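Quick notes on the structure that follows.
Number of protein chains: 4
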Amino acid sequence: MTDLRGQALAALATQTIELPSWAFGNAGTRFKVFSSPGVPRDPFEKISDAAVVHRFTGAAPRVSLHVPWDLVDDFGKLAQHAADEGVSIGAINSNLFQDDDYKFGSLTNADPAVRAKAVAHHVQCIDVMRATGSTDLKIWLPDGTNYPGQDDIRDRQERLAESLQQVYAELDPGHRLILEYKFYEPYFYTMDIPDWGTSLLHCLALGEQAMVVLDTGHHAPNTNIEFIVAQLLRIGRLGAFDFNSRFYGDDDLIVGAADPFQLFRIMNEIVRADALRPESGVNFMLDQCHNIEPKIPGQIRSVMNVQEATAKALLVDRDALRTAQRSGDVLGANAALMDAYNTDVRPLLAELRESQGLPADPYRAYAASGHAEQIATERIGGQQAGWGA
Amino acid sequence: MTDLRGQALAALATQTIELPSWAFGNAGTRFKVFSSPGVPRDPFEKISDAAVVHRFTGAAPRVSLHVPWDLVDDFGKLAQHAADEGVSIGAINSNLFQDDDYKFGSLTNADPAVRAKAVAHHVQCIDVMRATGSTDLKIWLPDGTNYPGQDDIRDRQERLAESLQQVYAELDPGHRLILEYKFYEPYFYTMDIPDWGTSLLHCLALGEQAMVVLDTGHHAPNTNIEFIVAQLLRIGRLGAFDFNSRFYGDDDLIVGAADPFQLFRIMNEIVRADALRPESGVNFMLDQCHNIEPKIPGQIRSVMNVQEATAKALLVDRDALRTAQRSGDVLGANAALMDAYNTDVRPLLAELRESQGLPADPYRAYAASGHAEQIATERIGGQQAGWGA
Amino acid sequence: MTDLRGQALAALATQTIELPSWAFGNAGTRFKVFSSPGVPRDPFEKISDAAVVHRFTGAAPRVSLHVPWDLVDDFGKLAQHAADEGVSIGAINSNLFQDDDYKFGSLTNADPAVRAKAVAHHVQCIDVMRATGSTDLKIWLPDGTNYPGQDDIRDRQERLAESLQQVYAELDPGHRLILEYKFYEPYFYTMDIPDWGTSLLHCLALGEQAMVVLDTGHHAPNTNIEFIVAQLLRIGRLGAFDFNSRFYGDDDLIVGAADPFQLFRIMNEIVRADALRPESGVNFMLDQCHNIEPKIPGQIRSVMNVQEATAKALLVDRDALRTAQRSGDVLGANAALMDAYNTDVRPLLAELRESQGLPADPYRAYAASGHAEQIATERIGGQQAGWGA
Amino acid sequence: MTDLRGQALAALATQTIELPSWAFGNAGTRFKVFSSPGVPRDPFEKISDAAVVHRFTGAAPRVSLHVPWDLVDDFGKLAQHAADEGVSIGAINSNLFQDDDYKFGSLTNADPAVRAKAVAHHVQCIDVMRATGSTDLKIWLPDGTNYPGQDDIRDRQERLAESLQQVYAELDPGHRLILEYKFYEPYFYTMDIPDWGTSLLHCLALGEQAMVVLDTGHHAPNTNIEFIVAQLLRIGRLGAFDFNSRFYGDDDLIVGAADPFQLFRIMNEIVRADALRPESGVNFMLDQCHNIEPKIPGQIRSVMNVQEATAKALLVDRDALRTAQRSGDVLGANAALMDAYNTDVRPLLAELRESQGLPADPYRAYAASGHAEQIATERIGGQQAGWGA
């Protein structure tokens with residue numbers, strides 16, 4: 315066990331989790347968006363907040379940007395601001411859902427002019443990548459239909475394939491196009507990329523720089539997500555995670571909040587495939603918003619939840635597990651997994667953090683820091699950021 | 315069959331479906347609300363639009379109001395406007411989800427002052443009922459929590475029971491309190507009235523004037539809704555329907571759009587229990603919005619879908635059905651039901667409408683009427699109605 | 315924390331979990347029943363196996379029987395055998411699904427003769443209760459239909475109500491009728507008691523001796539089970555649990571295997587309502603079978619899983635939780651719950667067991683005991699027990 | 315419309331639906347298998363029953379066989395029997411779920427000897443194909459695990475890929491390997507081919523003779539099945555359907571019984587892709603059993619349901635649909651689809667059948683034929699066929 319513990323500490327020291335800029339703005343449901351004191355008014359303040367999460371956790375050194383919400387005149391200046399705060403710019407996320415033109419689709423729209431507009435938007439995003447040093451273009455396609463017959467399912471796939479080719483052609487060699495799937499919402503009958511199979515088919519058609527993004531909240535009920543993780547790793551096409559959680563609907567709860575055992579099982583497949591290493595090409599990102607809880611602590615808790623699930627996965631005694639599996643010892647193999655899951659890894663993570671000069675409990679340290687009160691006092695006036703800015 | 319047809323015509327002639335005022339305003343998802351030309355700017359225009367649906371279908375003589383979205387200075391004037399347009403005011407819907415105070419609950423809030431505010435809001439709604447002649451106070455409780463531990467499940471039930479008692483005490487003798495349940499949204503871990511059992515328990519505690527509202531889109535996947543209809547009818551507590559449909563998430567698609575067979579099975583239980591008669595106490599209401607389709611035609615189509623499902627249910631040969639059921643003839647009993655479902659009832663409904671001086675196909679007649687173009691031209695300026703006005 | 319720990323130890327020392335006799339027989343799916351060496355050949359051997367589980371865990375002093383699978387000539391002798399082995403007879407379970415007469419229903423059958431037979435079967439079960447000292451008659455009603463129209467939903471409810479009245483009338487004063495609900499299976503369109511609301515309505519109609527059984531595997535996907543627990547406790551009608559777990563289908567996996575966090579949340583509601591006490595009237599039973607894993611270790615693991623979830627629930631700092639809840643501290647309240655969940659309670663339970671003269675780890679102790687090998691050697695010949703014997 | 319009607323008649327005249335031999339044997343749930351009078355005792359009688367369905371419907375000229383349930387000494391004789399009865403042998407189905415060796419997997423088993431046995435079983439099936447003239451080897455892989463950790467997800471994929479390669483290598487040039495996926499059951503944590511993506515990946519690795527089988531009952535709740543149909547058609551890998559239906563669990567209800575609108579939407583994608591033509595390579599098969607309803611009438615009803623859904627799909631006015639889709643007319647496009655769905659196609663099918671010298675209503679004609687009574691009288695003695703023979 316000593317050895318496992320040491321290996322776990324080493325692996326955890328290298329783990330990084332990317333934060334979404336939009337997690338720091340206001341968010342909500344179709345019924346209500348609640349606002350909170352201290353919410354950022356611009357991309358610079360969002361990055362500052364993300365940097366606070368990194369300062370307390372030591373594990374969140376990158377920030378995903380969203381275009382156009384995070385558009386600034388000078389992206390060089392934004393990247394420098396990030397560097398000054400100790401973080402860097404991560405994936406660039408395009409927005410295909412807030413324009414009136416996209417009512418019936420963006421990259422899939424029957425109107426070539428709308429498709430061209432959606433492609434051009436990605437060219438703009440790639441420019442932001444070049445200006446900020448980002449390497450990942452993340453596409454979540456919100457296209458779909460609400461009624462049977464509304465549009466032709468197959469035509470939409472063909473248009474999508476063509477639009478994606480045009481975007482892909484714009485990438486630089488070091489760039490990746492990472493393509494997300496989602497089971498439902500904001501359309502309710504079809505989604506044009508509803509499952510991992512569809513995302514993968516498009517990635518295979520595009521080429522080596524295209525990878526699948528798995529958002530933990532984007533599956534049908536009771537889908538075995540760790541199976542998909544294992545499958546995508548097996549064929550070398552798991553590009554990134556969007557971590558969050560969900561009981562039934564919505565997908566913006568704190569990762570691990572709804573089913574911590576599932577998160578552990580997912581991280582177990584990552585560790586089993588040796589894909590935790592930064593060079594494995596899997597980008598571990600959060601994609602969640604905070605409707606009713608404070609944002610910075612919400613992100614800190616999320617980072618900690620991923621770390622705890624990872625720590626448990628690292629503590630699985632793989633020799634014991636393998637032995638039990640090979641001998642058909644169902645309960646013994648399950649027990650080998652559960653022994654790790656049932657371990658309280660908070661002391662291990664506290665040890666790691668203290669060795670890094672970080673607070674043992676980032677959540678409590680932040681609460682005691684006075685930072686929340688400070689930004690609530692300072693950030694008066696202006697327009698709080700939200701979905702739309 | 316002649317007899318069944320005649321009875322069906324007679325029953326269909328008395329069927330009424332209540333329209334929600336908010337169906338005529340803009341609506342959308344948390345991602346985007348699309349606006350449309352011609353959308354009403356105030357409650358008077360909403361009622362006018364509802365009256366158009368009634369003029370074309372002859373089956374939609376009432377309009378549900380929403381407080382505060384439909385607040386006007388003079389409700390007597392609004393009721394008179396409705397009467398002038400040929401419709402009347404139906405259920406009054408309270409709003410417990412758009413106030414910052416309700417972030418952690420309304421009727422269930424731990425803070426007595428917030429609960430008192432929510433109760434007072436219902437007193438206001440009851441005043442609107444008196445001013446408009448409405449008899450139904452409809453409560454959809456959007457309260458709930460997002461995270462395990464966030465609040466105490468049982469305390470919230472006790473507070474809810476107490477708040478409902480206070481509201482109930484304000485009702486006049488001819489009034490009803492109709493109480494809706496919803497599986498999820500806008501909260502994602504618990505909803506305080508998530509299922510028919512919880513709604514019923516509160517109604518039983520309140521008294522005879524409290525009834526359950528069944529919203530067809532508010533159940534876990536694969537729930538047998540017609541079973542619940544039959545059960546609530548059996549114990550005399552089905553107060554109303556909120557009709558709409560849903561594939562997986564959201565609950566605002568046109569009723570019958572996702573699963574017309576389910577709608578038929580629901581109406582079959584209504585007919586079987588002889589609960590179609592207006593005096594049965596079941597109020598058949600639509601509760602849906604139109605995100606991407608035009609609103610008046612959307613409502614016309616919805617009314618037609620309910621009529622078609624009802625017509626099919628009325629055509630079930632109940633003697634043949636009963637005989638097959640009693641003899642254990644599984645396929646024969648199923649066939650008796652399916653014979654009615656597979657019947658094309660559009661000619662029957664055309665006959666009914668023409669006998670009433672209505673267009674045989676209200677949807678096409680409306681499209682040809684020029685009304686949509688007219689309101690698009692006339693309703694320029696002002697603020698289009700939506701969720702919030 | 316010291317205090318919580320001490321209270322937890324005291325509460326855990328009184329917790330008992332009832333085992334099902336059928337868990338020790340062979341079980342499987344409709345596709346295949348695998349047999350295992352050492353499986354009991356008769357009710358006496360099943361009770362002996364259950365007693366082994368109790369000897370290793372100290373927490374499983376009762377065995378549920380199933381009629382007719384556990385029919386013996388002399389139930390007094392069986393009860394004495396149990397007593398000799400250190401256990402007692404728990405709930406008596408009726409069987410309404412294995413007789414050809416029940417193809418279209420048992421207590422709900424359209425044929426009065428079949429209903430009378432099903433009622434008479436329960437009279438027989440009550441006789442077994444008298445002969446064995448059991449106080450709980452457990453009814454799981456497998457009745458339902460496969461096709462729309464197959465039978466009349468409401469007629470079946472009326473027949474069920476009448477049949478249950480007849481059974482209830484046979485109970486002795488100290489007896490309880492505990493009534494289970496199930497979402498689906500073995501019928502696939504309707505189940506006659508599909509949800510807690512239906513079970514509760516029948517219990518309310520029957521009287522004070524009728525209580526609801528909540529089987530953790532019998533709900534629609536994503537149903538919030540702990541909410542139902544809290545609601546049934548609130549109205550004093552939670553009679554018993556059938557513990558097991560389920561990912562999507564079937565409901566026979568080891569309790570806590572699919573979602574240990576859910577099991578913790580359920581036990582948290584139990585502890586919160588002070589319903590762990592034996593005198594609370596909630597009978598904690600396992601109802602699961604072991605398709606591919608060995609049976610005695612499977613039951614030991616199940617008991618341990620319930621104990622661990624209970625221990626965690628007992629460690630919740632309810633003052634901290636309440637304070638955070640009252641102040642709207644969403645993350646703080648969630649953290650208070652998660653702090654307990656994330657605690658490794660195995661040392662606490664080891665301490666408890668050792669103080670009781672039990673092995674610290676019953677699962678490993680059993681594996682090392684040689685008992686499995688012994689019964690595999692001894693139980694040669696005869697017919698292994700399964701569903702049907 | 316005349317033209318559409320004529321085209322529909324022509325297309326319907328060429329449509330064929332393959333019947334499963336096992337539909338004529340007894341089947342049930344894990345709780346109970348009910349037996350029926352007149353059930354076949356051997357493969358010859360099963361084929362005779364299938365031929366009866368064909369004689370009454372004219373649309374079911376092939377019978378799928380199951381190995382080993384349909385093993386006979388002389389397959390040439392069985393094929394001749396089929397020919398004499400007017401039908402032919404369709405797909406050969408392997409069985410990987412009824413052998414004790416397969417408890418922990420067949421083609422995925424960790425033990426090479428078990429995998430070799432499972433591969434050898436397919437070689438035997440391919441021999442049956444040669445002996446009967448069958449061209450499709452259908453593999454439903456029931457492998458999976460019940461508990462997290464029980465076996466290594468990825469290792470199982472690798473073993474599966476290798477085993478499938480060995481089977482594929484045995485195919486003759488005109489043969490196809492058609493590979494089914496299933497969401498859950500008979501294992502409940504992982505299934506080794508749980509979704510279309512996994513099946514497709516293995517088919518792509520195997521080669522051009524490997525195709526995906528879509529079983530309509532094998533998806534997570536609310537999965538959009540017609541999307542998958544469209545996607546598989548788009549990439550040329552939809553090899554066959556297994557038709558049946560399901561409300562929540564099990565997957566053996568009569569096709570179209572649970573959601574006839576879904577069946578229509580599926581057939582609409584088939585017609586839209588011009589894949590109804592026999593030469594399209596899509597084999598339309600039933601895969602269902604009849605637990606409580608009589609088998610021959612159950613199969614007749616199933617064939618009729620597929621025909622009706624197909625007829626409706628053929629009546630979609632595709633020009634009107636396309637026009638509405640292209641102009642963003644959501645309700646108009648939906649209406650174009652629904653107009654076809656709402657049409658009563660029973661007269662059209664009656665006309666077709668009568669033009670073919672068949673009864674207008676095969677279900678009623680069979681009921682009146684006396685055949686059911688005849689086989690009930692004749693088939694006395696022997697062992698009724700079921701799962702296992």
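Residue numbers (this note's numbering), protein chains in the order written: chain A, 315 to 703; chain B, 315 to 703; chain C, 315 to 703; chain D, 315 to 703. The C-beta atom is built at its ideal place from N, Cα and C for all residues, glycine as well. As the structure is a prediction and not an experimental result, all values here were calculated from the model.
inquiry  = Short of 9 Å Cβ to Cβ, which residues in the segment 595-615 of chain C face chain D?
reply    = ASN605, ILE606 and GLU607
query = In whole angstroms, what separates the C-alpha of LYS346 of chain C from that of HIS516 of chain B?
reply = Within the third sequence, residue 346 of chain C is the residue found at index 32, counting from 1. Within the second sequence, residue 516 of chain B is the residue found at index 202, counting from 1. LYS346 of chain C and HIS516 of chain B: Cα-Cα distance of roughly 46 Å.
request  = Pull up the DSSP beta-bridge partners for HIS380 of chain B, would you.
outcome  = If you number the second sequence from 1, residue 380 of chain B lands on position 66. According to DSSP, which records beta bridges pairwise, HIS380 of chain B is partnered with B:ASN407.
task = Return the CA-CA distance between ASP387 of chain A and ARG490 of chain A, expressed in angstroms with no decimal places.
result = Here residue 387 of chain A refers to the residue found at position 73 of the first sequence. Here residue 490 of chain A refers to the residue found at position 176 of the first sequence. Cα to Cα, the separation comes out at about 24 Å.
key: Proximity winner among B:LEU600, B:GLN576 and B:ASP466, relative to GLU540 of chain C (alpha-carbon distances)   = As a working note, residue 540 of chain C is residue 226 in the third sequence. Measuring from the Cα of GLU540 of chain C, the nearest candidate turns out to be B:ASP466.
ask   = Got a sec: which bits of the segment 539-553 of chain A sit with their beta carbon under 9 Å from any beta carbon on chain D, in order along the chain?
value = GLU540, PHE541, ILE542, VAL543, ALA544, GLN545, LEU547, ARG548 and ILE549
inquiry  = Let me see if you follow: with CB-CB separation under 8 Å, is LYS417 of chain D close to chain C or not?
reply    = Along the fourth sequence, one-based indexing puts residue 417 of chain D at 103. Yes, contact with chain C.
ask   = Does DSSP put ASN648 of chain D in a helix, in a strand, or in coil?
value = Here residue 648 of chain D refers to the residue found at position 334 when the fourth sequence is read from its first residue. In this structure, ASN648 of chain D counts as helix in the three-state DSSP scheme.
message = Considering just the uninterrupted stretch of the beta strand (DSSP E) at GLY553 of chain B, what are its terminal residues?
response = The sequence position of residue 553 of chain B within the second sequence is 239, counting from 1. Unbroken beta strand (DSSP E) run through GLY553 of chain B: 552-557.
ask   = With 8 Å set as the bound, which would you pick, yes or no: does the beta-carbon of ASN656 of chain C sit closer than that to a beta-carbon of chain A?
value = On the third sequence, residue 656 of chain C is found 342 positions in, with the first residue counted as 1. Yes, ASN656 of chain C lies at the interface with chain A (some Cβ there is under 8 Å from its Cβ).
ask   = In whole angstroms, what is the alpha-carbon distance linking ASN269 of chain C and GLU332 of chain C?
value = The requested residue 269 of chain C does not occur in the structure, where chain C is confined to residues 315 to 703.
inquiry  = Would HIS436 of chain C and SER408 of chain C qualify as a contact pair, given that the criterion is a beta-carbon distance under 8 Å?
reply    = As a working mapping, residue 436 of chain C is identified with position 122 in the third sequence. As a working mapping, residue 408 of chain C is identified with position 94 in the third sequence. Closer than 8 Å, so yes.
request  = Under 7 Å Cβ to Cβ from VAL617 of chain C, same chain only, skipping five residues before and after it: list those, please.
outcome  = For the purposes of this step, residue 617 of chain C is identified with residue 303 of the third sequence, where counting begins at 1. The residues are ILE331, VAL367, THR371, ALA373 and ALA374.
ask   = Helix or strand or just coil, what does DSSP make of MET315 of chain A?
value = Start at 1 with the first residue of the first sequence, and residue 315 of chain A comes out as number 1. Low confidence applies to MET315 of chain A: its pLDDT is 48, below 50, so where it sits in the model is not reliable enough to give any reading.
message = Alpha carbons only, please: which of B:LEU392, B:TYR677 and B:ALA589 is nearest the one belonging to ARG548 of chain B?
response = Taking the first residue of the second sequence as position 1, residue 548 of chain B is located at position 234. ARG548 of chain B has its Cα closest to that of B:ALA589, out of B:LEU392, B:TYR677 and B:ALA589.
request  = Can you tell me the Cβ-Cβ gap for GLY295 of chain D and ARG693 of chain D, rounded? I've got them flagged as a contact below 8 Å.
outcome  = Residue 295 of chain D cannot be examined here, being either before or after the span of chain D that is shown, 315 to 703.
ask   = How about ASN423 of chain D: is its C-beta nearer than 8 Å to some C-beta of chain B?
value = As a working note, residue 423 of chain D is residue 109 in the fourth sequence. For ASN423 of chain D, the answer is no, since every Cβ of chain B falls outside 8 Å of its Cβ.
query = Should MET315 of chain A be flagged as near chain D, meaning a C-beta pair shorter than 8 Å?
reply = Residue mapping note: residue 315 of chain A aligns to position 1 of the first sequence, counting from 1. For MET315 of chain A, the predicted model reports a pLDDT of 48, less than 50, meaning its position is unreliable and no value from the coordinates is stated.
key: Euclidean distance between Cα positions of MET581 of chain C and ASP643 of chain D   = Position 267 of the third sequence, counting from 1, holds the residue named residue 581 of chain C. Position 329 of the fourth sequence, counting from 1, holds the residue named residue 643 of chain D. Their backbone Cα atoms lie some 53 Å apart in a straight line.
inquiry  = Let me see if you follow: with CB-CB separation under 8 Å, is LEU577 of chain B close to chain A or not?
reply    = Looking up residue 577 of chain B in the second sequence gives position 263. No, no contact with chain A.
request  = Can you give me the Cβ contacts of TYR503 of chain D inside the same chain, cut-off strictly under 8 Å, excluding the 5 residues immediately before and after it?
outcome  = Walking along the fourth sequence from the start, residue 503 of chain D turns up at place 189. Correct list, in chain order: GLY458, THR459, ASN460, TYR461, PRO462 and GLN464.
task = Can you have a look at GLY696 of chain C and say buried or exposed, based on whether 16 or more other CB atoms are within 10 angstroms of its CB?
result = For the purposes of this step, residue 696 of chain C is identified with residue 382 of the third sequence, where counting begins at 1. With fewer than 16 other Cβ atoms within 10 Å, it is exposed.
task = Assign GLY702 of chain D to buried or exposed, taking buried as 16 or more other Cβ atoms, counted over all protein chains shown, within 10 Å of its Cβ.
result = Position 388 of the fourth sequence, counted from the first residue, corresponds to residue 702 of chain D. Burial call: exposed.
ask   = DSSP beta-bridge partners for LEU490 of chain B?
value = Reading the second sequence from its first residue, position 176 is the one you call residue 490 of chain B. Per the sequence shown, the amino acid found at residue 490 of chain B is Arg instead of Leu. Answer is B:ASP450.
inquiry  = What would DSSP say about LEU485 of chain A, mapped onto helix, strand or coil?
reply    = Position 171 of the first sequence, counted from the start, is the residue given in the question as residue 485 of chain A. If DSSP states are grouped into helix, strand and coil, LEU485 of chain A belongs with coil.
ask   = For SER349 of chain D, is the classification buried or exposed, using 16 other Cβ atoms within 10 angstroms of its Cβ as the cut-off for buried?
value = In the fourth sequence, residue 349 of chain D corresponds to position 35, counting from 1. Exposed is the call here.
ask   = Considering ASN605 of chain A, what are the terminal residues of the beta strand (DSSP E) in which it resides?
value = By one-based count along the first sequence, residue 605 of chain A stands at place 291. Note, ASN605 of chain A: premise wrong, no beta strand (DSSP E); not H, not E.
task = Since I believe GLN621 of chain C is in contact with ILE568 of chain C (beta carbons under 8 Å), could you give me their beta-carbon distance rounded to a whole number of angstroms?
result = What you label residue 568 of chain C is simply residue 254 of the third sequence in a count that begins at 1. What you label residue 621 of chain C is simply residue 307 of the third sequence in a count that begins at 1. With a Cβ gap of about 13 Å, ILE568 of chain C and GLN621 of chain C do not count as contacting.
message = Between which residues of its own chain and THR624 of chain C is the CB-CB distance below 8 Å, once the five residues before and five after are set aside?
response = Numbered from its first residue, the third sequence carries residue 624 of chain C at position 310. Cβ within range, chain order: ALA325, LEU326, GLN329, MET581, ILE584, VAL585 and LEU590.
ask   = What runs of the beta strand (DSSP E), each 3 residues or longer, lie entirely inside the segment 557-600 of chain B?
value = 597-600
key: Bounding residues of the alpha helix (DSSP H) (the contiguous stretch that carries ASP466 of chain A)   = Position 152 of the first sequence holds residue 466 of chain A. It is not in any alpha helix (DSSP H) - ASP466 of chain A carries neither H nor E in the DSSP assignment.
message = Under 8 Å, Cβ to Cβ, is there at least one residue of chain G near ALA322 of chain B?
response = Of the protein chains in the structure, A, B, C and D, none is chain G.
task = Indicate the three-state DSSP secondary structure (helix, strand or coil) for GLU332 of chain A in the structure shown.
result = Looking up residue 332 of chain A in the first sequence gives position 18. It is a strand residue.
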